[in-house]
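**Q**
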Amino acid sequence: MKDHSVKLRLLKMLSDGHFHSGEALGELLGMSRAAISKHIQGIQQWGMDIHRVQGKGYQLARPLMMLDEHRIRSQVTNPVELHPIIDSTNQYLLDNSHMISSGTVCIAEYQNKGRGRRGRHWVSPFGSNLYFSMYWRLDAGMAAAMGLSLVIGVAIVEALEEMGLNGIKLKWPNDLYYQDRKLAGILVEMSGQAGGAAHLVIGIGMNLIMQDENIAIDQPWTSLSQVLGQEYIDRNQLVIKLIQALNRSLENYEQHGMQEFVERWNRLDNFLGRRVHLIIGPNKITGIERGIDQSGGVLLETPEGIKSYLGGEISLRKGDDE
Ligand code: ATP
Ligand code: BTN
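Quick note: the sequence shown uses the UniProt record's numbering, first residue 1, plus one each step.
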């Protein structure tokens with residue numbers, strides 16, 4: 001594994017938001033200015049915006065509040081692992097599910113292979129967002145895991161509401177939306193055998209202060225700082241709230257299933273009563289979205305009536321005549 005300790009130490013020094021000369025940074029780290037400049041370039045490739053001003057040195061374009069494993073651990077009972085640089089927090093927990101306990105959380109500052117559904121790329125620049133995964137062992141098995149990403153979506157939006165953030169909605173099956181733009185995505189992956197317990201990894205990627213307009217995302221997106229109208233977000237507090245909300249909802253789901261989540265989901269449905277398309281492989285069905293049902297399927301009303309659609313290959317898109 002590549003050693004990123006120099007870059008991480010540099011970032012810690014720059015995280016105060018002040019200018020630091022290449023010479024001063026080099027002295028503190030015991031290396032030349034040229035070596036510092038090379039490391040700065042590496043950090044920029046992680047998606048961090050760093051200015052360089054002649055005679056003053058380097059400065060982060062925006063102040064950075066780094067994730068703090070100790071602070072998070074002190075507020076929750078779950079095991080928490082912070083890996084500043086990782087391929088994917090979901091992959092890490094999947095790879096280690098045989099030796100970690102249910103409830104273990106993995107968070108990162110940067111993912112170089114973050115992924116969404118069906119292997120799609122999840123844009124994960126350093127320090128700007130939330131990359132969060134939780135391992136959960138579901139004794140009831142794989143069949144009970146259906147609909148779980150819906151339950152998680154409700155839990156996250158309600159936790160954000162408790163923090164005073166309103167207007168965040170859900171898009172079936174796994175996205176958080178704000179003003180018709182994608183704010184966050186949920187990816188539930190699992191391993192396990194039929195008849196045995198399901199080993200679930202619940203991944204959440206939420207944009208916090210990501211701003212780069214040129215970033216390669218091929219659909220409208222937004223970030224929590226736009227919802228809040230401010231750049232400062234206490235990322236550690238957000239992680240603590242999320243862990244607490246997930247613990248509560250997963251325990252409730254284990255005992256009562258989807259039952260009480262349908263109504264809660266429908267209240268938050270971004271497309272309820274709106275014209276949408278369901279893309280199913282090469283086919284496209286258009287109709288009015290009518291929320292979800294007990295099985296976790298999305299209800300679509302067409303001239304033939306209301307029908308439930310369920311399956312990992314289905315994508316919902318906003319109707320183009322809206
Ligand atoms: P669906 O699941 O309904 O097919 P989707 O198009 O959002 O919806 P996902 O696999 O859920 O697909 O998410 C991956 C997609 O999300 C990417 O293809 C890209 O369009 C978008 N995306 C990638 N990174 C981000 C990000 N950081 N913020 C918002 N959107 C992103
Ligand atoms: C989606 O919209 O399809 C889901 C995106 C999920 C992204 C998160 S970021 C943390 C976790 N690790 C990953 O590789 N993916 C999820």
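All C-beta atoms in this analysis are idealised placements derived from N, C-alpha and C, irrespective of residue type, glycine included.
#1: Tell me which residue opens and which closes the alpha helix (DSSP H) that Asp212 is part of.
#2: Which first and last residues belong to the alpha helix (DSSP H) in which Thr89 is found?
#3: Hey, is the segment 176-183 in contact with the segment 216-228, meaning 3+ C-beta pairs nearer than 8 Å?
#4: Taking Cβ positions, are Gly141 and Gly103 nearer each other than 8 Å?
#5: Could you tell me if the beta carbon of Gln111 falls within a distance shorter than 7 Å of some heavy atom in the ligand ATP?
#6: What whole-angstrom Cβ distance do Phe126 and Val239 have, given they're in contact under 8 Å?
#7: Looking at the unbroken alpha helix (DSSP H) that takes in Leu272, where does it start and where does it end?
#8: Would Leu278 count as contacting chain C if we go by Cβ distances under 8 Å?
#9: Can you tell me the Cβ-Cβ gap for Ile202 and Ile156, rounded? I've got them flagged as a contact below 8 Å.
#10: For His18, count neighbouring C-beta atoms within 10 Å of its own C-beta (all shown protein chains included) and say buried if the count is 16 or more, exposed if not.
#11: Just checking Trp221 against the ligand BTN - is the residue's beta carbon closer than 7 Å to any of the ligand's heavy atoms?
#12: Measuring alpha carbon to alpha carbon, tell me which of His199, Glu189, Ile204, Pro303 ends up nearest Leu176.
#13: I need the straight-line Cα distance from His98 to Arg118, nearest angstrom please.
#14: Determine the DSSP secondary structure at Trp122, reduced to helix, strand or coil.
#15: Mapping DSSP to helix, strand and coil, what is Ile202?
#16: Please report the straight-line C-alpha distance between Ser74 and Leu64, rounded to a whole angstrom.
#17: Are the CB atoms of Met134 and Val105 within a distance shorter than 8 Å?
#18: In angstroms, rounded to a whole number, what distance separates the CA positions of Ile217 and Trp122?
#19: Arg290 and Ile306: beta carbons closer than 8 Å?
#20: Just to confirm before moving on: does the CB-CB distance between Thr89 and Gln111 stay below 8 Å?
#21: Give a yes or no on whether the C-beta atoms belonging to Ser308 and Leu316 are separated by under 8 Å.
#22: Tell me, please, which residues DSSP counts as bridged to Trp46.
#23: Using a threshold of 8 Å, state whether the C-beta atoms of Ile86 and Val80 are closer than that.
#24: Exposed or buried, what is Ile215 when buried is set at 16 or more other beta-carbons lying within 10 Å of its beta-carbon?
#25: Where Val294 and Ile243 are concerned, what is the direct C-alpha to C-alpha distance, given to the nearest angstrom?
#26: Give every residue of the same chain whose Cβ lies closer than 7 Å to the Cβ of His20, excluding the five residues on either side of it in the sequence, and list them in chain order.
#27: Go ahead and pull the three-state DSSP assignment for His4.
#28: The ligand ATP heavy atoms versus the CB of Lys182: any closer than 7 Å?
**A** Walking through what the data contain:
#1: Asp212 -> no alpha helix (DSSP H), and no H or E assigned at all.
#2: 89-95
#3: yes
#4: no
#5: no
#6: No, Phe126 and Val239 are not in contact; Cβ-Cβ is about 16 Å, not under 8 Å.
#7: Looking at the DSSP string, Leu272 is not in any alpha helix (DSSP H), and its letter there is neither H nor E.
#8: The displayed structure is made up of one protein chain only, and chain C is not part of it.
#9: The pair is not a contact, with the Cβ atoms about 10 Å apart (cut-off 8 Å).
#10: exposed
#11: no
#12: Ile204
#13: 24 Å
#14: coil
#15: strand
#16: 21 Å
#17: yes
#18: 9 Å
#19: yes
#20: yes
#21: no
#22: DSSP output for Trp46 lists no bridge partner at all.
#23: no
#24: exposed
#25: One point to set straight first is that residue 294 is Gln, not Val, in the sequence displayed. Answer to the nearest angstrom: the Cα atoms are 25 Å apart.
#26: Met13, Leu14, Gly57, Tyr58
#27: coil
#28: yes
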